Amino acid sequence: MTTIALERLTPGTLIPFGGNRATVVPPELAERFQPGDHLLVVQDSGDLLHVPAAQKALAEQAVGRAHAAFQAMGAVPDAAVTRFFALFADRLESESVWAAIAEANRQDVERARAAGRSTTRLAATDGMRRGMIDGLRAWRDAVATRGRVVERVEHEGWRIEQVVAPLGVVGFVFEGRPNVFADAAGVLRTGNTVVFRIGSDALGTAKAIVQHALDPALAEAGLPTGAVSLVESADRAAGWALFADRRLSLAVARGSGRAVAQLGSVARQTGTAVSLHGTGGAWMVVDRDADAERLSQVVRNSLDRKVCNTLNVCCIHRDRAAELVPVFLDALHAAGEARGHNCKLHVVAGSEFALPAHWRTATVRVRRAEGDREEPLTETLPEDQLGREWEWEDTPELSLVLVDDIDHAVRLFNRYSPQFTVSLLSGTRAVHDRFYEAVNAPFVGDGFTRWVDGQYALNQPELGLSNWENGRLLARSAILSGSGVFTLRSRVTQTDPSLRR
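Mind the numbering: the sequence shown is residues 1 to 501 in the working numbering, read in order.
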C-alpha cells in the first residue's frame, strides 16, 4: 500500500467514515487547510476536524514533556509527591499568589461576559479557592498506593503478586473551571503525569495558576519538569491533537455533551482509553407514598447552583399530583428566590393540567449568559426532549412530568436521560430495591441529588463524573479520582530454581 502526505484538500472530495458512509470536504475547510496540517475524521459522525500544524506542535510538545516526566517518576519517592501537594496548597493559600490568580480570573470573567458566555463556573470565588486547597491537602494526606500488593498467590517454590502501578500520561480537556487543576493533579498520587487543555474562557486563569502556584510547587518538591503540563492554546484543535496522541494512556474530557463526545471519539479511534464527563442533569422520581416535606427539602437543596448533578427532571406520581405538584413548585420558586431571581419550568405535554393557572400563563425575567430576558414561566416540552440538560445562570430551570407508576418513571429515565444521577422518594423499602435494580444509573439515591461529587462523597477530589450514555465502565466507579488511575503489574519471586512446566 502506498501512502502520501496530505498537502491540500479539494472541495467536494468524498471522505469515507464509519465503514459505509462518506462526507464531503466543504470549501471553507479546503481553503484553510495548509501543508503540514492534519485532518481527523471522526468515524462515529463524519465530522472533519482541522488541526493546524501549530496546534499539533503545541500538543505534541506538552505530551512529550509529560511522557519524559513519566519515565522519571519511577525514581521519585512518594514523599516528594506528598510535598508537591502541600506546596501547591500553600501557594494557593498565599494572599500574594492568589491576588495574581484572581486578577487573571477577573479578566477572563470580563471577556466571557462581554461575549455573552456563562461565568457561573468560571469565577474563582473564595469557595472555589478553599475547595482547591482542601482537595490538594486531601491528596497530601492520602495513602500512597503505588507499589501496593493487592493480591498474592503462593505456589510451591514460587509466588506471584499483583502490584498497583502507574498508568502513564493522562490527557485532560475540560471546560472553564479553574479548580479542575487541583482535582486532576491527583493523578500524580499514583505516579502518573498529566497534560491539560482548558477552555478558552479560563485560559488566562490557568496560566496564572501554573506560573504562580503549580510550577513553583513542582520545582520545589523535586518532581520532574512536565509532570503537570498545560497546552497553552485557546484553539479547540489543540484538544483534538492532544487526544489523537498515541502516547496518552487515558483521555479524560468534561464539558458540553457534543464537544465531549467528539473528543472521546478522537481518542477511541486512536486506541486510547477514555473517561467522558459530558451531559449531566439529575432526575428525581416521586412515588405515590412520598413525604411532602421531604420532597420540599430535597428539591430545594438540589437547586442551589447549576452543575452536572443539579436536579433537571422531576417525575411525580399522577395519583399524588394535586398534593405534591404545588409542593414541588413552591420549592422551585424558593430556589430562585434564594439566588435573588425567578425560576423557569418546562412541563411535558399532557402534564400541564396539574399546574395552577398562573404557572401556565405568567411570564418571568430569566437570567441568561447573554443577559436577562422576558420568557414564559412555563413552556411545554415534548416527551422525547426530557434528556435536555438546562444550563442556567441564576434562574433555576428544570422539567416536570407526571408518571403512572415507578415502572413508567424507570422507562422514561432509561430511554431519555443521560443515565447519570437519579433519586427516588418513596417510603417503601421494597420499592427502593426494585427501583435500584431496574434503573440504569451509576448514582442512585433517596434524597437530594447534589451528593454526587468525589470530594463531597468520598473525600477524594474528582477528575470528573461519568454517565452511562455510552455504556458502563469496566471495573471502576463512575467517580473518577486520581487514586483510580492505575494499572496492575505481576511480579514473580521464585525460590526453587529447578521449577519447570
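Built from N, CA and C at the ideal position, the CB exists for glycine as well. Fair warning: this is a prediction, and the values are worked out from it, not measured in the lab.
Residue closest to residue 119, alpha-carbon to alpha-carbon, out of 381, 46, 106: Locating residue 119 in the sequence shown gives position 119, where the first residue counts as 1. Out of 381, 46, 106, 106 has the C-alpha closest to the C-alpha of residue 119.
Those residues which DSSP pairs with residue 315 across a bridge: By 1-based counting over the sequence shown, the position of residue 315 is 315. Partner(s): 285, 401.
Boundaries of the alpha helix (DSSP H) in which residue 448 is found, first to last residue: For the purposes of this step, residue 448 is taken as residue 448 along the sequence shown, with counting starting at 1. Careful: residue 448 lies outside any alpha helix (DSSP H) and carries neither H nor E.
Residue 278 versus residue 172 - alpha carbon distance: As a first step, residue 278 is located in the sequence shown; it is residue number 278 there, counting from the start. As a first step, residue 172 is located in the sequence shown; it is residue number 172 there, counting from the start. Looking at the two C-alpha atoms, the distance is approximately 13 Å.
Contact belief for residue 438 with residue 468 at Cβ below 8 Å, rounded distance in angstroms: Within the sequence shown, the letter at position 438 stands for residue 438. Within the sequence shown, the letter at position 468 stands for residue 468. That pair is no contact at about 14 Å.
Sequence-distant residues of the same chain with beta carbon closer than 6 Å to residue 296, five excluded per side: What you label residue 296 is simply residue 296 of the sequence shown in a count that begins at 1. Only 327, 331 meet the Cβ criterion.
Contact the stretch 459 to 475 vs the stretch 310 to 327: 3+ CB pairs below 8 Å: no
Three-pair Cβ contact test at 8 Å for the stretch 280 to 295 versus the stretch 367 to 383: no
Anticipated Cβ contact below 8 Å, residue 230 with residue 196, distance rounded: Numbered from 1 along the sequence shown, position 230 holds the residue referred to as residue 230. Numbered from 1 along the sequence shown, position 196 holds the residue referred to as residue 196. Indeed, because the Cβ distance is near 5 Å, the residues count as touching under 8 Å.
Coarse secondary structure for residue 120, derived from DSSP in three states: One-based indexing of the sequence shown puts residue 120 at position 120. Residue 120: coil per DSSP, three-state reduction.
Where residue 143 sits in the DSSP three-state scheme: Numbered from its first residue, the sequence shown carries residue 143 at position 143. Coil.
Rounded separation between residue 15 and residue 23 - CA only: Residue mapping note: residue 15 aligns to position 15 of the sequence shown, counting from 1. Residue mapping note: residue 23 aligns to position 23 of the sequence shown, counting from 1. Answer to the nearest angstrom: the Cα atoms are 5 Å apart.
Nearest-angstrom beta carbon gap, residue 406 and residue 443 [assumed within contact, 8 Å]: Against the sequence shown, residue 443 aligns to sequence position 443. Against the sequence shown, residue 406 aligns to sequence position 406. The pair is not a contact, with the Cβ atoms about 18 Å apart (cut-off 8 Å).
Length-filtered (4 minimum) alpha helix (DSSP H) runs lying within the stretch 1 to 36: 27 to 32
Bridge partner(s) assigned by DSSP for residue 341: Taking the first residue of the sequence shown as 1, we reach residue 341 at position 341. In DSSP, residue 341 forms no bridge with anything.
Whether residue 386 touches residue 311 by CB criterion (8 Å): Numbered from its first residue, the sequence shown carries residue 386 at position 386. Numbered from its first residue, the sequence shown carries residue 311 at position 311. No, they are not a contact pair.
Beta-carbon proximity check, residue 276 vs residue 414, cutoff 8 Å: In the sequence shown, residue 276 corresponds to position 276, counting from 1. In the sequence shown, residue 414 corresponds to position 414, counting from 1. The answer is no: Cβ separation not under 8 Å.
Start-to-end residues for the alpha helix (DSSP H) that takes in residue 212: Taking the first residue of the sequence shown as position 1, residue 212 is located at position 212. Run containing residue 212: none; DSSP gives neither H nor E here.
Anticipated Cβ contact below 8 Å, residue 252 with residue 170, distance rounded: On the sequence shown, residue 252 is found 252 positions in, with the first residue counted as 1. On the sequence shown, residue 170 is found 170 positions in, with the first residue counted as 1. At roughly 6 Å, the Cβ-Cβ gap stays under 8 Å, so residue 252 and residue 170 are in contact.
Enclosing beta strand (DSSP E) for residue 507 [first to last residue]: Coverage of the chain is limited to positions 1 through 501, which leaves residue 507 absent and any answer about it impossible.
The stretch 155 to 166 in contact with the stretch 49 to 63 per 3-pair CB rule at 8 Å: no
Residue 158 (DSSP reduced to helix, strand or coil): By one-based count along the sequence shown, residue 158 stands at place 158. Residue state, collapsed to three classes: strand.
Spatial distance of residue 200 from residue 117 (CA atoms): Within the sequence shown, residue 200 is the residue found at index 200, counting from 1. Within the sequence shown, residue 117 is the residue found at index 117, counting from 1. The alpha-carbon atoms of residue 200 and residue 117 are separated by roughly 11 Å.
Close-in-space but distant-in-sequence residues of the same chain around residue 109 (CB under 8 Å, 5 per side omitted): For the purposes of this step, residue 109 is taken as residue 109 along the sequence shown, with counting starting at 1. Excluding sequence neighbours, residue 109 sits near 119, 122, 123.
Of the residues 349, 300, 272, the one placed nearest residue 343, counting alpha carbons only: Along the sequence shown, read from residue 1 onward, the residue named residue 343 stands at position 343. Comparing Cα-Cα distances from residue 343 to each of 349, 300, 272, the minimum goes to 300.
Bridge partners - residue 197, DSSP secondary structure assignment: Along the sequence shown, one-based indexing puts residue 197 at 197. In DSSP, residue 197 forms a bridge with 173.
Three-way DSSP call (helix, strand, coil) for residue 420 in this model: As a working mapping, residue 420 is identified with position 420 in the sequence shown. If DSSP states are grouped into helix, strand and coil, residue 420 belongs with coil.
Whole-angstrom distance between residue 269 and residue 76, CA atom to CA atom: In the sequence shown, counting from the first residue as 1, residue 76 sits at position 76. In the sequence shown, counting from the first residue as 1, residue 269 sits at position 269. Whole-angstrom Cα-Cα distance: 33 Å.
Whole-angstrom distance between residue 355 and residue 228, CA atom to CA atom: Against the sequence shown, residue 228 aligns to sequence position 228. Against the sequence shown, residue 355 aligns to sequence position 355. Between residue 228 and residue 355, the C-alpha separation is close to 52 Å.
Per DSSP, cross-strand counterpart(s) of residue 487: In the sequence shown, residue 487 corresponds to position 487, counting from 1. According to DSSP, residue 487 bridges with 165.
Opposing strand residues paired with residue 376 [DSSP bridges]: Against the sequence shown, residue 376 aligns to sequence position 376. The partner list for residue 376 (beta bridge, DSSP) reads 363.
Close-in-space but distant-in-sequence residues of the same chain around residue 203 (CB under 6 Å, 5 per side omitted): Position 203 of the sequence shown, counting from 1, holds the residue named residue 203. Closer than 6 Å at the Cβ level, and outside the excluded window around residue 203, lie 234.
For residue 239 and residue 194, the rounded distance between their alpha carbons: Counting from one through the sequence shown, the residue named residue 194 turns up at place 194. Counting from one through the sequence shown, the residue named residue 239 turns up at place 239. The straight-line gap from Cα to Cα measures roughly 14 Å.
C-alpha gap between residue 512 and residue 27, whole angstroms: The chain is shown from 1 up to 501; residue 512 falls before or after that span and cannot be answered.
Proximity to residue 368 [Cα-Cα], best of 115, 263, 500, 162: Your numbering for residue 368 matches position 368 in the sequence shown. For the residues 115, 263, 500, 162, the minimum Cα distance to residue 368 belongs to 115.
Residue 292: first and last residue of the uninterrupted alpha helix (DSSP H) it sits in: Position 292 of the sequence shown, counted from the start, is the residue given in the question as residue 292. Looking at the DSSP string, the run of the alpha helix (DSSP H) that includes residue 292 is 292 to 301.
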